[in-house]
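Under our numbering, think of the first position of the sequence shown as 18, with each following residue one higher. These notes are about the structure you will find just below.
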Amino acid sequence: MDLPKILSDSLAMFRENPKIVLPRLITTMLYAVIMLYLVQASLILKETEITPIQARDFFVKMAFILASTIILYILDVYTYAMYPQLAKDYKKGLQVSLVKALKKVLAKTKTLIGFSIILFSILGISTIIFTSLITLAYTLASTFILSLIILVSLIALLAAAILLFFIIPVAVIDDAGLKTAASKGFRLSMENKKPLLKLNLFFLLLLLATSTILYLTEFEGALAAITIIVFAASRLLQAVVYTYICIANPIAYLSLEK
Numbered sequence: 018m019d020l021p022k023i024l025s026d027s028l029a030m031f032r033e034n035p036k037i038v039l040p041r042l043i044t045t046m047l048y049a050v051i052m053l054y055l056v057q058a059s060l061i062l063k064e065t066e067i068t069p070i071q072a073r074d075f076f077v078k079m080a081f082i083l084a085s086t087i088i089l090y091i092l093d094v095y096t097y098a099m100y101p102q103l104a105k106d107y108k109k110g111l112q113v114s115l116v117k118a119l120k121k122v123l124a125k126t127k128t129l130i131g132f133s134i135i136l137f138s139i140l141g142i143s144t145i146i147f148t149s150l151i152t153l154a155y156t157l158a159s160t161f162i163l164s165l166i167i168l169v170s171l172i173a174l175l176a177a178a179i180l181l182f183f184i185i186p187v188a189v190i191d192d193a194g195l196k197t198a199a200s201k202g203f204r205l206s207m208e209n210k211k212p213l214l215k216l217n218l219f220f221l222l223l224l225l226a227t228s229t230i231l232y233l234t235e236f237e238g239a240l241a242a243i244t245i246i247v248f249a250a251s252r253l254l255q256a257v258v259y260t261y262i263c264i265a266n267p268i269a270y271l272s273l274e275k
């Protein structure tokens, strides 16, 4: 697996077809809207006294946010699955079509829903375990335990990213079912674990850099025009970075299929 070529080919595809940022841009902006709505809904918690009506409205809003997040998560998986088809067409010299890619992933609904449920379960269980361990570390006031938990969590995150790396590309590009895609994906991941580790470390650094920028551009105080512009620009950057990662994933798989 030639990592420099994978990264350069991914950049070339993005540069030649900037429209492919659209799926990631849509989901990124929708996540931002939900986040802002959550911030607005949580303002009630600053009140010293909360009336029953305010409490009811708060829980209704939280239920809406939870339902919206689950729906958006599924949409996120679908838009992510569009990129293998886009990369496949690009490598074949065909027209890169978002409509064609969308039709392809809609035809893979059974596989994608199955993958979404499995991934959501893994993320849910992992989040509960991680939160519990972090709470324990704070309770014990142990910096060492906290650092150890974070380190182990990062290792587990990288291991999961490597193991799941090829499942969606195999499912879409090879038109495989979930069981076949998982079997082949796991095998390819184990055969290429060292280059995949380097690639995912690179992705992790990109995401950390992007997250830092997002943190520095969060809303504070009044929504001044300049603040809104910076906020929107940071989300655009996030969408661009996520798009690049989504492209590199199937490009890496196609490089192994030659």
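In this text, a Cβ means the ideal position worked out from N, Cα and C, and glycines have one as well.
Should F220 and I262 be called a contact, given that it needs their Cβ atoms to be closer than 7 angstroms? Taking the first residue of the sequence shown as position 1, residue 220 is located at position 203. Taking the first residue of the sequence shown as position 1, residue 262 is located at position 245. In contact: F220 and I262 (Cβ atoms closer than 7 angstroms).
If you reduce the DSSP assignment to three classes, tell me which class S206 lands in. Residue 206 sits at position 189 when you count from the first residue of the sequence shown. Assignment of S206 by DSSP, reduced to helix, strand and coil, places it in the helix class.
Roughly how many whole angstroms lie between the Cα atoms of L62 and L174? By one-based count along the sequence shown, residue 62 stands at place 45. By one-based count along the sequence shown, residue 174 stands at place 157. Going from the Cα of L62 to the Cα of L174 covers about 32 angstroms.
Name the residue from Y48, Y100, L123 whose alpha carbon lies nearest to the alpha carbon of V113. Within the sequence shown, the letter at position 96 stands for residue 113. Closest in C-alpha terms to V113, from the list Y48, Y100, L123, comes Y100.
Buried or exposed for F81, going by 16 or more other Cβ atoms inside 10 Å? For the purposes of this step, residue 81 is identified with residue 64 of the sequence shown, where counting begins at 1. A residue is called buried when at least 16 other Cβ atoms come within 10 angstroms of its Cβ; F81 does not meet this threshold and is exposed.
Neighbourhood of Y155 by C-beta distance below 8 angstroms, restricted to the same chain and skipping five residues each side: Looking up residue 155 in the sequence shown gives position 138. Once the five neighbours on either side are set aside, the close Cβ partners of Y155 are L163.
Would you mind giving the Cβ-Cβ distance between T96 and T44, rounded to the nearest angstrom? I have them listed as a contact below 8 angstroms. Position 79 of the sequence shown, counted from the start, is the residue given in the question as residue 96. Position 27 of the sequence shown, counted from the start, is the residue given in the question as residue 44. Taking the Cβ atoms as the reference, T96 lies roughly 5 angstroms from T44, within the contact range of under 8 angstroms.
Under 7 angstroms between C-beta atoms of S251 and I230: Numbered from its first residue, the sequence shown carries residue 251 at position 234. Numbered from its first residue, the sequence shown carries residue 230 at position 213. Yes.
Which same chain residues end up closer than 7 angstroms to M46 when comparing Cβ atoms and leaving out the 5 residues on each side of it in sequence? Against the sequence shown, residue 46 aligns to sequence position 29. Hits under 7 angstroms: R252.
Spatially closest choice to D191 from Y270, M18, L115, by CA coordinates: As a working note, residue 191 is residue 174 in the sequence shown. Ranking Y270, M18, L115 by Cα distance to D191 puts Y270 first.
Compute the Euclidean distance between the alpha carbons of Q71 and M52, then round it to the nearest angstrom. In the sequence shown, residue 71 corresponds to position 54, counting from 1. In the sequence shown, residue 52 corresponds to position 35, counting from 1. Going from the Cα of Q71 to the Cα of M52 covers about 20 angstroms.
Report yes if the C-beta distance between T144 and A188 is below 7 angstroms; otherwise report no. Looking up residue 144 in the sequence shown gives position 127. Looking up residue 188 in the sequence shown gives position 171. No.
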